[in-house]
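Have a look at the structure below before the remarks.
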Amino acid sequence: MKLSQERIKSAQFALMVTFFAQGVAGLSWLPRIPEFIANLGVSKESWGIIIAIGGAGSLLPLIFTDRLIIKYGTTPIIRISSVGIAVFLLALPYPTQWWLFLIAHFMMSMAFSVFNIAINSQAVMFQKSIGKVMIGSFHGAWSIGAATSAAVTSAIASFTPLKVQMAVIPLLCIGLFLWSATKLLTNEEDTHGEKKSAGKSVSLFKSSKYLWVLSIGLFAGMWPELVIMDWSSVYGKEILHLDASRAAWPYTIFVLAMIVGRFSIVKLTEKYQVNRISMVGGIFGTIAYTLAFFLSSWLSSDQNLSLLVICVFYAIAGYGISSMVPSFYSAAGHVKGLSTSAALSRMFLFNTLVAIVARMFMGGLIDRYNMPLALLFPIATFTIATVISGLVANRQNRIDQVLGYAPTSPITALDVAD
Numbered sequence: 268m269k270l271s272q273e274r275i276k277s278a279q280f281a282l283m284v285t286f287f288a289q290g291v292a293g294l295s296w297l298p299r300i301p302e303f304i305a306n307l308g309v310s311k312e313s314w315g316i317i318i319a320i321g322g323a324g325s326l327l328p329l330i331f332t333d334r335l336i337i338k339y340g341t342t343p344i345i346r347i348s349s350v351g352i353a354v355f356l357l358a359l360p361y362p363t364q365w366w367l368f369l370i371a372h373f374m375m376s377m378a379f380s381v382f383n384i385a386i387n388s389q390a391v392m393f394q395k396s397i398g399k400v401m402i403g404s405f406h407g408a409w410s411i412g413a414a415t416s417a418a419v420t421s422a423i424a425s426f427t428p429l430k431v432q433m434a435v436i437p438l439l440c441i442g443l444f445l446w447s448a449t450k451l452l453t454n455e456e457d458t459h460g461e462k463k464s465a466g467k468s469v470s471l472f473k474s475s476k477y478l479w480v481l482s483i484g485l486f487a488g489m490w491p492e493l494v495i496m497d498w499s500s501v502y503g504k505e506i507l508h509l510d511a512s513r514a515a516w517p518y519t520i521f522v523l524a525m526i527v528g529r530f531s532i533v534k535l536t537e538k539y540q541v542n543r544i545s546m547v548g549g550i551f552g553t554i555a556y557t558l559a560f561f562l563s564s565w566l567s568s569d570q571n572l573s574l575l576v577i578c579v580f581y582a583i584a585g586y587g588i589s590s591m592v593p594s595f596y597s598a599a600g601h602v603k604g605l606s607t608s609a610a611l612s613r614m615f616l617f618n619t620l621v622a623i624v625a626r627m628f629m630g631g632l633i634d635r636y637n638m639p640l641a642l643l644f645p646i647a648t649f650t651i652a653t654v655i656s657g658l659v660a661n662r663q664n665r666i667d668q669v670l671g672y673a674p675t676s677p678i679t680a681l682d683v684a685d
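Heads up, the sequence shown is in the working numbering, so the first residue is 268 and it goes up one at a time.
And the structure:
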């Protein structure tokens, strides 16, 4: 369905607000983790187990959300799951027994997962409708929301009671969610929720080879980002011998560079295919990522110089990696025989499961060997993502990348039994 210019502007703004609010909600509780641990009276080891099991709630929606979207459309699912996000965020500070917190966290993870699939499915369909790659800007809005939330909640933590913060922020977010939902695409505009007949069921393990390539590419492109999130501060403290405050600078630079990079995707895709952008960014990003760690560790005897070096190369790496995830999300509309939501669900499922194993493997590498050596793992995946981006870019031209998802493609259901 062709959208008018006025409708394009309103839907685009609504998607930006929705992604921003999702980032705010997702990061709002993380700076207060020590207080959650104190509320429950558990050890850090037990807390890790609780969070791991609770986070597994994000896996279940990857099996059924695409069916809900096909039946009801993306906007109704976004609206309902956003209420779930707010409710379970509100509930988090109240349990004093670990199993009650676990239930709340598990349900919150489910709500976030459903929301994530629905909003990204609509974003992909929106950019196809207007003939322009916009998902990078939407992910940039998410990053701004996440960074804003983390900064604000950290700043107010010392004088704001936990229950007050965990009431105010979810209420603000649900207000933004419900307002923006009135401006999001209707079922007729994004084609979801229109087709009620069930097509051929395709087993998860019988998905097309192209989907597996995209799934591997998505993980490989996201993993270096996750490693910096998990280990950058530790690297700064233990390898560069920085204090806690300055150890956080490189990650901040990395995130800011990613935000700039994601907002630049819209302009760049006017001339270049999005996966070609991620391939070129990957080449420079991989080199910068490698130099950031090995050159800074070599200069670690000079704290100021090593900090400067890692910040400069983090900026280049952050800009280079910024288009990786959006490019693979965009390509999800090109999987033959699958709707966008079904392809994204399978890619998310693969990425989530592999990331769990990869995080354990990364920790084992650091314990068994050392951090600089363990960092060869994300460097290798960065290289793999760059190669896959090139393969995807060669497979289709820019117009196909933006408009290739056929609204009349067969409806499929995810069957994990085979």
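Where is the CB? At the ideal position from N, CA and C, for every residue including glycine.
For residue i, three-class secondary structure by DSSP
i	result
I321	Position check: residue 321 holds Gly in this sequence, whereas Ile was assumed. Three-state result, G321: helix.
W296	coil
S313	helix
Q570	helix
F615	helix
I275	helix
F280	helix
K395	helix
A631	It should be noted that the sequence gives Gly, not Ala, for residue 631. In the structure shown, G631 sits in a helix (DSSP, three-state: H, G or I).
V579	helix
G290	helix
S606	coil
G308	coil
H508	coil
L451	coil
L693	In the structure as shown, the chain begins at 268 and stops at 685. Residue 693 is therefore absent and cannot be evaluated.
L640	helix
F426	coil
L270	coil
Expected contact under 8 Å - CB spacing of residue i and residue j to nearest Å
i	j	result
S325	T619	6 Å
A652	G488	4 Å
S482	M392	Between M392 and S482 the Cβ distance is about 20 Å, and since that is not below 8 Å, they are no contact.
S349	L439	Wrong, their Cβ atoms sit about 12 Å apart, outside the cutoff.
L478	A610	6 Å
T341	Q389	4 Å
S606	L329	That pair is no contact at about 14 Å.
G548	I588	7 Å
I520	C578	5 Å
D381	T332	Note that residue 381 corresponds to Val in the displayed sequence, not to Asp. Between T332 and V381 the Cβ distance is about 5 Å, and since that is below 8 Å, they are a contact.
Sequence-distant residues of the same chain with beta carbon closer than 7 Å to residue i, five excluded per side
i	result
S416	G290, V291, L294 and S295
F644	M629 and L632
I397	L270 and I275
A424	P298 and R299
F407	Looking at the sequence provided, one finds Gly at residue 407 rather than Phe. So the qualifying residues of the chain are I526, R529 and F530.
V576	L562, S563 and L566
Y369	Before going further, note that residue 369 is Leu rather than Tyr in the sequence given. For L369, where only same-chain residues beyond five positions count, the Cβ hits under 7 Å are I317, I320 and G321.
I646	T553, Y556 and T557
I550	T653
Residue i - containing alpha helix (DSSP H), residue span
i	result
P362	First-last for P362: undefined, no H or E at that position.
F530	W516 to L535
T420	I402 to I423
I550	V541 to W565
S590	Looking at the DSSP string, S590 is not in any alpha helix (DSSP H), and its letter there is neither H nor E.
N454	N454 to D457
F444	L429 to A448
S476	Residue 476 is actually Lys in this sequence, not Ser. K476 -> alpha helix (DSSP H) spans K476 to E505.
G657	L643 to R662
D333	P328 to Y339
Neighbourhood of residue i by C-beta, 6 Å cutoff - its chain only, sequence neighbours within 5 removed
i	result
F595	L481, G484 and L485
Y586	A524 and G528
F649	P491, T553 and Y556
I344	L335, I336 and A385
S499	P517 and Y518
Same chain, Cβ closer than 8 Å to residue i, neighbours up to 5 away in sequence not counted
i	result
H508	S567 and Q570
F355	A371, H372, M374, M375 and A378
L640	L632
V533	K399, V400, M401, G403 and S404
L359	W296, F303, F368, A371, H372, M375 and M433
S608	T332, D333, I336, I337, T341, I384, A385, S388 and H459
Contact with chain D by residue i, beta-carbon distance below 8 Å
i	result
P437	Protein chain content of the structure displayed is limited to a single chain, and chain D is not contained in it.
The ligand GTP heavy atom lying under 7 Å from the CB of residue i
i	result
I441	By its list of ligands, the structure shown contains no ligand whatsoever, and the ligand GTP lies outside what it can speak to.
Checklist line | Touching by the beta-carbon criterion (3+ pairs, under 8 Å), the stretch 410-425 and the stretch 288-303 | finding: yes
Check: Does the stretch 428-435 touch the stretch 559-579, meaning 3 or more C-beta pairs lie closer than 8 Å?
Finding: no
Next item on the list: Spell out a yes or no on whether the stretch 581-597 and the stretch 536-553 are touching, meaning 3 or more CB-CB pairs, one atom from each, closer than 8 Å.
Entry: Inter-segment contact for the stretch 581-597 and the stretch 536-553 is present: three or more beta-carbon pairs are separated by less than 8 Å.
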